[in-house]
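Below is one structure, written out as structure tokens, with a few remarks after it.
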Amino acid sequence: MGVGASETPWVSKEIFLGMMWGGEAVGSLFVFLRLGIRINSFRKLFADDLMVIFSWMCSMACCAIWQMGSRGLYDQYLLTTGELIPTPEVLARERRLLRGTVAYLWIYQTCIFGIKASFLVFFRRLDNHHEGLRKKWFWTVAVVTGIGYISAAGAQQYNCLLSSFEYIFTQCSTEASLASEHKLFAFQCAIDVITDLLIITYPIIMLWHVRVPLKKKLALMSLFSLTVIVMGTVIARVSVIPTTDSQADVSWLYLWYNLEMSVTLLVSSLAAFRQLYVTKSNNTRPPRTQSSGTSTFLRRLFLNDRF
Numbered sequence: 104m105g106v107g108a109s110e111t112p113w114v115s116k117e118i119f120l121g122m123m124w125g126g127e128a129v130g131s132l133f134v135f136l137r138l139g140i141r142i143n144s145f146r147k148l149f150a151d152d153l154m155v156i157f158s159w160m161c162s163m164a165c166c167a168i169w170q171m172g173s174r175g176l177y178d179q180y181l182l183t184t185g186e187l188i189p190t191p192e193v194l195a196r197e198r199r200l201l202r203g204t205v206a207y208l209w210i211y212q213t214c215i216f217g218i219k220a221s222f223l224v225f226f227r228r229l230d231n232h233h234e235g236l237r238k239k240w241f242w243t244v245a246v247v248t249g250i251g252y253i254s255a256a257g258a259q260q261y262n263c264l265l266s267s268f269e270y271i272f273t274q275c276s277t278e279a280s281l282a283s284e285h286k287l288f289a290f291q292c293a294i295d296v297i298t299d300l301l302i303i304t305y306p307i308i309m310l311w312h313v314r315v316p317l318k319k320k321l322a323l324m325s326l327f328s329l330t331v332i333v334m335g336t337v338i339a340r341v342s343v344i345p346t347t348d349s350q351a352d353v354s355w356l357y358l359w360y361n362l363e364m365s366v367t368l369l370v371s372s373l374a375a376f377r378q379l380y381v382t383k384s385n386n387t388r389p390p391r392t393q394s395s396g397t398s399t400f401l402r403r404l405f406l407n408d409r410f
């Protein structure tokens with residue numbers, strides 16, 4: 104994931120920056136809507152909101168890195184074809200790009216796993232009776248997700264980003280290096296999908312014990328399973344995973360990384376909108392009698408007739 108080997112970028116610089124900032128704008132819009140509704144409904148923000156804000160700041164930082172480093176990114180292709188002479192100024196710019204890429208990869212993973220953590224905290228807050236099997240499963244998922252973050256962020260070819268140019272150009276395009284890159288991509292995607300699936304299981308287990316019509320139960324499960332959309336972007340990103348005899352195109356690769364962050368921010372807000380709306384609506388209704396084993400939030404979600 105150091106210097107790109109292809110001679111022509113799959114995505115032009117204009118499209119790369121345009122889609123990156125366009126996706127960021129859409130994701131930011133939904134984050135601001137989420138926060139606005141939350142403040143209007145509760146007059147305060149919760150822990151999951153703060154995690155989303157932190158992840159949004161990470162996504163903005165990632166966009167800023169590529170805005171500043173896009174010239175160096177596309178200079179790589181010109182260096183490969185010999186259209187650009189590797190002057191000291193050019194090489195200094197490429198060195199800054201590689202160091203910026205290291206920061207980007209860590210911030211990107213922090214953004215993605217920050218949203219995963221916000222989902223866990225959001226679901227946990229809905230479950231007033233967090234005990235027994237549900238409590239154990241919640242902490243199991245939380246620990247696995249934390250380990251997944253460290254593993255995904257650490258699974259990078261840092262030697263091809265922080266070493267000398269001589270090493271990068273001679274060692275990072277070998278068959279062994281390409282095979283290693285392929286395995287790292289597959290490993291990261293597997294962690295992303297597995298942790299998303301585990302996070303989805305928690306609200307499903309939580310909802311399964313609520314005594315309401317199956318239709319409403321399945322409807323809310325579908326809402327909480329919006330992370331499937333994020334998994335779709337991860338699977339789409341798999342298309343840039345190189346074969347064992349070729350490198351990934353860096354413009355295409357990082358475009359999908361940026362789009363995944365935008366989609367993740369959007370989905371995290373969509374999952375919260377239903378709960379925000381129903382809680383606001385039910386604040387105007389008289390309280391209902393509910394069983395001691397059922398979360399107040401969950402009962403409100405299900406008892407709203409307009410679901």
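With the sequence shown counted from 1, adding 103 to any position gets you my numbering.
The C-beta atom is built at its ideal place from N, Cα and C for all residues, glycine as well.
message: For the stretch 196-216 against the stretch 139-154, do three or more pairs of beta-carbon atoms, one drawn from each stretch, fall closer than 8 Å, so that the two count as touching?
response: The stretch 196-216, when compared against the stretch 139-154, does not touch it at the 8 Å Cβ threshold.
field: Helix, strand or coil at Trp113 [DSSP, three-state]
entry: Note: Trp113 maps to coil in three-state DSSP.
- request: Could you spell out the range, first to last residue, of the alpha helix (DSSP H) harbouring Lys286?
  value: Lys286 -> alpha helix (DSSP H) spans Glu278 to Trp311.
message: If distances are taken between C-alpha atoms only, which option among Gln259, Tyr180, Phe225 and Thr277 comes closest to Phe290?
response: For Phe290, the nearest C-alpha among the options comes from Gln259.
- prompt: When the Cα atoms are used, what is the spatial distance from Arg227 to Leu310?
  reply: Rounded to the nearest whole angstrom, the C-alpha separation of Arg227 and Leu310 is 12 Å.
- request: Report yes if the C-beta distance between Val134 and Leu368 is below 9 Å; otherwise report no.
  value: Inclusion of Val134 and Leu368 in the CB contact set at 9 Å is warranted, their separation being smaller than that value.
query: What does a CB cutoff of less than 6 Å around Ala164 pick up in its chain, not counting 5 residues either side in sequence?
result: Cβ neighbours of Ala164 beyond the five flanking positions: Ile210.
Cβ-Cβ distance between Ser276 and Gln179 below 9 Å: Against a cut-off of 9 Å, the Cβ pair of Gln179 and Ser276 comes out as no contact.
- request: Give the single residue among Arg174, Arg141, Phe149 and Cys161 whose Cα lies nearest to the Cα of Ser354.
  value: Nearest C-alpha to Ser354: Arg174.
message: Need the endpoints of the alpha helix (DSSP H) that Gly185 sits in, please.
response: Gly185 -> no alpha helix (DSSP H), and no H or E assigned at all.
task: Please report the residue range of the alpha helix (DSSP H) in which Cys263 lies.
output: Note, Cys263: alpha helix (DSSP H), Asn262 to Leu265.
message: Using the Cβ count rule (16 or more neighbours within 10 Å means buried), how would you classify Ser372?
response: Ser372 is classed as buried because its beta carbon has at least 16 other beta carbons within 10 Å across all chains shown.
- request: Express the C-alpha separation of Arg237 and Ile308 in angstroms, rounding to a whole number.
  value: C-alpha separation (whole angstroms): 7 Å.
task: Could you tell me how far apart the beta carbons of Trp159 and Ser131 are, in whole angstroms, since I believe they sit closer than 8 Å?
output: Contact holds; Cβ gap of about 7 Å.
Asp152, DSSP secondary structure in three states: Three-state result, Asp152: helix.
- prompt: When you compare only the Cα positions, how much space is there between Ile338 and Leu281?
  reply: Looking at the two C-alpha atoms, the distance is approximately 20 Å.
task: Measure the CB-CB distance between Leu176 and Phe222 and report whether it falls below 9 Å.
output: Against a cut-off of 9 Å, the Cβ pair of Phe222 and Leu176 comes out as no contact.
task: Indicate the three-state DSSP secondary structure (helix, strand or coil) for Ala195 in the structure shown.
output: In the structure shown, the three-state DSSP call for Ala195 is helix.
- prompt: How is the alpha helix (DSSP H) around Gln274 delimited, first residue to last?
  reply: Element bounds for Gln274: Phe268 to Gln274.
message: If you reduce the DSSP assignment to three classes, tell me which class Val381 lands in.
response: Low per-residue confidence applies at Val381: pLDDT is 49, beneath 50, and the placement is therefore not dependable enough to give any value.
task: Taking Glu363 and Thr336 to be in contact with their CB atoms under 8 Å, please state how far apart those CB atoms are, rounded to whole angstroms.
output: Yes, they are in contact, since the Cβ atoms of Glu363 and Thr336 sit about 5 Å apart, within 8 Å.
query: Which residues in the same chain have their Cβ closer than 7 Å to the Cβ of Glu186, if we skip the five residues on either side of it in sequence?
result: None.
- request: State yes or no: is the C-beta of Leu287 within less than 9 Å of the C-beta of Arg202?
  value: No, the Cβ-Cβ distance between Leu287 and Arg202 is not below 9 Å.
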